[in-house]
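Residue numbers (this note's numbering): 21 to 136. Note that the Cβ used here is the ideal one computed from N, Cα and C, for glycine as well. Since the model is a prediction, treat every value here as computed from it, not as a measurement. The next block holds one structure in the form of structure tokens; read it before the comments.
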Ligand code: 5GP
Ligand code: ZN
């Protein structure tokens, strides 16, 4: 997709601190971290939201989680653990409409992750 921020990051048209790249997914540091470690993992294919995931995307979406684990480990979260989050739509606060898995950690994280 031509006018998508995360497609542009995946294509190296907009700079980001890249953490992992392969033929299916790209990982990079979040520009506005909300935890000491905050990375994003995206599929290279433009998929707007979880609701737009096709059967043919299932392998890439599974790969996102394997890369999340690798990236978390490389960023020192292997022992303490981390949280993955994928927001979908307005109520969840999704602001970039190219699916992305947040990887958050580096301190104990509260639960639930929103005010009651
Ligand atoms: P969402 O709210 O859609 O789940 O998350 C979007 C995330 O993208 C936010 O955490 C935000 O800080 C991050 N973000 C927005 N614009 C950029 C950017 O230009 N570069 C990077 N690296 N992250 C971005
Ligand atoms: Zn995109």
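- Within the model, the alpha-carbon separation for residue 125 versus residue 50 is close to 12 Å.
- Residue 134 sits exposed, since fewer than 16 C-beta atoms from the chains shown fall within 10 Å of its C-beta.
- Per DSSP, the continuous alpha helix (DSSP H) segment holding residue 78 begins and ends at 78 to 94.
- DSSP links residue 58 through a beta bridge to 124.
- Counting C-beta pairs with one atom in each stretch, the segment 66 to 80 and the segment 93 to 101 have fewer than three that are closer than 8 Å, which means they do not touch.
- Here the alpha carbons of residue 39 and residue 53 stand approximately 15 Å from one another.
- In the DSSP annotation of this structure, the continuous segment of the beta strand (DSSP E) that includes residue 38 starts and ends at 38 to 41.
- Only exposed fits residue 32, as fewer than 16 other CB atoms lie within 10 angstroms of its CB.
- One alpha carbon belongs to residue 91, the other to residue 48, and they sit about 9 Å apart.
- Contact annotation, residue 118 with residue 66: C-beta distance approximately 6 Å; criterion of less than 8 Å satisfied.
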